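Below you'll find the structure, written out as structure tokens, and then a few comments.
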Amino acid sequence: MPTFNLKINNKAYTVEADMDTPLLWVLRDQIELVGTKYGCGIGQCGACTVHVNGNAVRSCLLQVSQAEGMDITTIEGLSEDATHPLQQAWLEHDVPQCGYCQSGQIMSAAALLKNNPHPSDEDIEATMSGNICRCGTYIRIKQAIKTASKS
Ligand code: FES
Ligand code: FES
């Protein structure tokens with residue numbers, strides 16, 4: 125089986141996997157970074173969102189062979205101690221309900237704020253429309269992103 129060198133949350137990992145194994149399964153099953161969730165497996169829900177070279181990417185669609193040499197960040201690497209402004213705003217607004225979608229939501233929002241620190245309502249809606257929440261926490265997500273954008 126081929127070997128891949130990955131850089132995840134500023135740490136180096138070497139994994140064995142088939143070329144077309146989704147990064148999501150390598151993160152969860154081999155590296156045990158289980159904050160990244162499986163929702164749909166076809167790029168439609170956003171639960172598996174991570175950062176690849178600073179951009180929000182659906183890890184269910186990215187093959188491990190495509191991820192080699194990239195700078196990958198998961199929810200576990202977003203901050204060392206949950207002090208990212210979005211994590212603080214998520215707490216302040218008590219955003220999660222069941223929580224399943226929330227790491228993907230935060231990773232999408234973090235990529236948005238990195239590229240656009242003061243997004244408009246329309247910017248937020250356009251970016252976050254690809255992240256589904258079956259609990260309907262959308263209003264609190266938007267409020268939290270706005271709070272984080274002011275910090
Ligand atoms: Fe990747 Fe749904 S699990 S987008
Ligand atoms: Fe339950 Fe979003 S908080 S799916």
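Under the numbering used here, the residue at position 14 of the sequence shown is numbered 138, and the numbers go up by one with no gaps.
Quick reminder that beta carbons are idealized off the backbone N, C-alpha and C, glycines included.
In this text, all values refer to a predicted model and were calculated from it rather than measured experimentally.
Assign residue 166 to one of two classes, buried (16 or more other C-beta atoms within 10 Å of its C-beta) or exposed (fewer than that). In the sequence shown, residue 166 corresponds to position 42, counting from 1. When all chains shown are included, residue 166 counts as exposed.
Counting along the chain, where does the beta strand (DSSP E) carrying residue 96 start and finish? Missing from the structure shown is residue 96; the chain here goes from 125 to 275 and no further.
Is any non-hydrogen atom of ligand 2 found closer than 7 Å to the C-beta of residue 258, if you look at the structure I gave you? By one-based count along the sequence shown, residue 258 stands at place 134. True, at least one ligand heavy atom lies under 7 Å from that Cβ.
Any heavy atom of ligand 2 closer than 7 Å to the beta-carbon of residue 222? Your numbering for residue 222 matches position 98 in the sequence shown. Yes, the beta carbon of residue 222 sits closer than 7 Å to at least one heavy atom of ligand 2.
Proximity to residue 178 [Cα-Cα], best of 274, 221, 266 and 231: Counted from its first residue, the sequence shown places residue 178 at position 54. The option with the nearest alpha carbon to residue 178 is 231.
Below 6 Å CB to CB, which residues in the same chain sit around residue 257 once its five sequence neighbours on both sides are set aside? Within the sequence shown, the letter at position 133 stands for residue 257. Excluding residues within five positions, the ones whose Cβ falls inside 6 Å are 225.
Check each candidate in 164, 134 and 200 and name the one with the smallest Cα separation from residue 158. Mapped onto the sequence shown, residue 158 falls at position 34. Comparing Cα-Cα distances from residue 158 to each of 164, 134 and 200, the minimum goes to 200.
Thinking just about the alpha-carbon of each residue, which of 238, 161, 271 and 148 is nearest to the one in residue 218? To locate residue 218, count along the sequence shown from 1; it is residue 94. Closest by alpha carbon: 271.
Would you list the residues sitting across from residue 137 in a DSSP beta bridge? Translated into the one-based positions of the sequence shown, residue 137 becomes position 13. Beta-bridge pairing links residue 137 to 130.
Specify, as a first and last residue, the run of the alpha helix (DSSP H) that residue 271 falls within. Locating residue 271 in the sequence shown gives position 147, where the first residue counts as 1. It spans 262-274 - the alpha helix (DSSP H) in which residue 271 sits, taken as one unbroken run.
In whole angstroms, what separates the C-alpha of residue 209 from that of residue 187? The residue given as residue 209 occupies position 85 in the sequence shown. The residue given as residue 187 occupies position 63 in the sequence shown. Roughly 30 Å separates the two Cα atoms.
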